[in-house]
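Asks:
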Amino acid sequence: MKQLIVELGERSYPIMIGAGVLNQAAELLSKHLPGKQVMVVSNPNVAEQYGYLKPLLSQLVGKEVSYHLFPDGEEYKTQQQIDQLYAQLLQNKHSRNTSLIALGGGVVGDMTGYASACYQRGVNFIQVPTTLLSQVDSSVGGKTGINHPLGKNMIGAFKQPGLVLIDTQVLHSLPARELSAGLAEVVKYGLIYDAEFFAWLEQQAEALMAMDDQALAYAIERCCAIKAEVVAQDETEQGIRAWLNLGHTFGHAIEASMGYGTWLHGEAVAAGTVMALDLSVRLGMLPSEALERTKLLLQRMKLPIAGPAELSAEQYLPKMAVDKKNVDGNIRLVLLEQLGRACLRSAVDNELLLQVIRDNTGA
Ligand code: NAD
Ligand code: GLY
1390 MKQLIVELGE RSYPIMIGAG VLNQAAELLS KHLPGKQVMV VSNPNVAEQY
1440 GYLKPLLSQL VGKEVSYHLF PDGEEYKTQQ QIDQLYAQLL QNKHSRNTSL
1490 IALGGGVVGD MTGYASACYQ RGVNFIQVPT TLLSQVDSSV GGKTGINHPL
1540 GKNMIGAFKQ PGLVLIDTQV LHSLPARELS AGLAEVVKYG LIYDAEFFAW
1590 LEQQAEALMA MDDQALAYAI ERCCAIKAEV VAQDETEQGI RAWLNLGHTF
1640 GHAIEASMGY GTWLHGEAVA AGTVMALDLS VRLGMLPSEA LERTKLLLQR
1690 MKLPIAGPAE LSAEQYLPKM AVDKKNVDGN IRLVLLEQLG RACLRSAVDN
1740 ELLLQVIRDN TGA
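My numbering numbers the first residue of the sequence shown as 1390 and each following residue consecutively.
1. Using beta carbons (cut-off 8 Å, strictly below), is A1584 in contact with chain C?
2. Of all the alpha helix (DSSP H) runs that stay within the bounds of the segment 1656-1691, which reach a length of 4 or more residues?
3. At a cut of 8 Å, does the segment 1442-1457 reach the segment 1406-1420 through at least three beta carbon pairs?
4. Cα separation between A1573 and P1676?
5. If you drop the 5 nearest sequence neighbours on each side, which residues of the same chain put their C-beta closer than 7 Å to that of T1625?
6. Between which two residues does the beta strand (DSSP E) holding F1586 run?
7. Can you name the residues that DSSP bridges to S1455?
8. Considering Q1477, what are the terminal residues of the alpha helix (DSSP H) in which it resides?
9. Starting from the C-beta of T1533, find all residues in its chain whose C-beta is less than 7 Å away, skip the five residues before and the five after it, and write them out in chain order.
10. Would you kindly report the start and end of the unbroken alpha helix (DSSP H) that includes K1532?
11. Could you have a look at N1513 and say whether DSSP puts it in helix, strand or coil?
12. In the structure shown, what three-state DSSP assignment does V1496 receive?
13. Is L1633 a contact residue of the ligand GLY, with contact defined as CB to any heavy atom under 7 Å?
14. Given this structure, state the Cα-to-Cα distance separating D1623 from T1467, to the nearest angstrom.
15. Counting pairs of Cβ atoms below 8 Å between the segment 1426-1439 and the segment 1447-1459, do you hit three or more?
16. Hey, is the segment 1482-1490 in contact with the segment 1519-1530, meaning 3+ C-beta pairs nearer than 8 Å?
17. Flag K1532 as yes when its Cβ comes closer than 7 Å to any non-hydrogen atom of the ligand GLY, and as no otherwise.
18. Measuring alpha carbon to alpha carbon, tell me which of Y1705, K1420 and R1730 ends up nearest I1720.
19. May I ask which residues mark the beginning and end of the beta strand (DSSP E) holding G1551?
20. Would you check whether the ligand FAD has a heavy atom nearer than 7 Å to the C-beta of V1517?
21. If I measure Cβ to Cβ from E1678 and keep anything under 6 Å in the same chain, skipping five residues before and after, which residues do I get?
22. Note the first and the last residue of the continuous alpha helix (DSSP H) segment covering V1450.
23. What residues in its chain sit with their C-beta under 6 Å from that of I1643, if we drop five residues either side in the sequence?
24. So what does DSSP say about Q1524, is it helix, strand or coil?
25. Check for me: the alpha helix (DSSP H) holding K1391 runs from which residue to which?
26. Does DSSP put I1404 in a helix, in a strand, or in coil?
27. Can you say whether E1463 is buried or exposed, counting buried as having 16 or more other CB atoms within 10 angstroms of its CB?
28. Quick check on N1739: buried or exposed, where buried means 16 or more other Cβ atoms within 10 Å of its Cβ?
29. Taking 8 Å as the cut-off, does the segment 1391-1405 touch the segment 1599-1616 (at least 3 CB pairs, one atom from each stretch)?
30. Determine the closest residue to P1423 out of I1694, A1436, G1451 and V1410, with distance taken between C-alpha atoms.
Printed below as a string of structure tokens:
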């Protein structure tokens, strides 16, 4: 088992990564559950169809354990679902020293984290991510929240977990499309922070797609290490943390415009990353070779390298105008200065933006 630490002073916490770590959950969780009450939050797919709930519940010996299932899907990442979780917590008389454990992908993790930030003004929270995307990104760093019809992830809170427990074995039940979606965020880390890691991904793309255990374990460890480093420097995204949003401003516009869940988050990020890199090239910041290498890598990972044909460039702008990185209502974008180094840019000419989107739309 590999252990990393997210260094945040008194709120520092471990990320434990390994194959089969959920079999040791009793021991690993014991000092992270302060009270008797525990609510495990998941969805029917992860909990029942793939059967990950019962083994976890059976490890929580000596606790008063209950569970809550959100419906599966990005379209249910809503306040209404959070209210139903609050109702169950209140009906079961969960006190302030209760713990919420998120068992699932990024949707379950973001929602459970948000509920844990708000329930009785904040209760203990543990992340047990089960998708590649949530293992490399969403479970680490404390961004939690829900969608609003007018904008993706626009309602939320920073709430760090007390522990992130990553069992790489659960990835074997992940559908191929979800694996690819997770790889979009993996590629992001190489692009923004670590050119060597990007080159390693170019060598290992097929191994990752075939779910080679060693390759996946290394990718997860490297991504978590980068994320831990970035979050430790800039927990509340005043600067460098925004780099983790490469491709996301375009991507969030795709997700919201297409209807949440139609394009997977990782798919929208992949297309958005191509747009962000193309813009970087056109602004003279990035050699076009970096864009071509990235497109090739994303294609090998079965990810889209263009936005949906049914969405016009003009439809992106109102969505991009409500992005969380914006300042005083002006769009700010994460661009690339070189492979392995991102930057933040505002005041990008709207016509250029529209042209880049148009040129990277459709099959
Ligand atoms: P998801 O949570 O919808 O999971 C994808 C699908 O995989 C679901 O159908 C789920 O039930 C299923 N699944 C989960 N684990 C499985 C397993 N082991 N085997 C088989 N199926 C499994 O999607 P996601 O890609 O994990 O997360 C996307 C969400 O994460 C988005 O809402 C995005 O906004 C958010 N996100 C948040 C952050 C953050 O920093 N908080 C970062 C990136 C993304
Ligand atoms: N996924 C972006 C962040 O955590 O900041």
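For every residue, glycine included, the Cβ atom is placed at its ideal position computed from N, Cα and C. If you're wondering where the values come from, they're calculated on a predicted model, not measured in any experiment.
Replies: Here's the rundown:
1. The structure shown contains no chain C, having only a single protein chain.
2. 1677-1689
3. yes
4. 21 Å
5. F1547
6. No beta strand (DSSP E) holds F1586; the alpha helix (DSSP H) holding it covers A1584 to M1598.
7. M1428
8. Q1468 to Q1480
9. D1499, G1502, Y1503, A1506, G1545, A1546 and K1548
10. No alpha helix (DSSP H) holds K1532; the beta strand (DSSP E) holding it covers K1532 to H1537.
11. strand
12. helix
13. yes
14. 27 Å
15. yes
16. no
17. yes
18. Y1705
19. Careful: G1551 lies outside any beta strand (DSSP E) and carries neither H nor E.
20. In the structure shown, the ligand FAD is absent; the only ligands present are the ligand NAD and the ligand GLY.
21. none
22. V1450 -> no alpha helix (DSSP H), and no H or E assigned at all.
23. W1652, A1657 and G1696
24. helix
25. First-last for K1391: K1391 to V1395, but that is the beta strand (DSSP E), not the alpha helix (DSSP H).
26. strand
27. buried
28. exposed
29. yes
30. G1451
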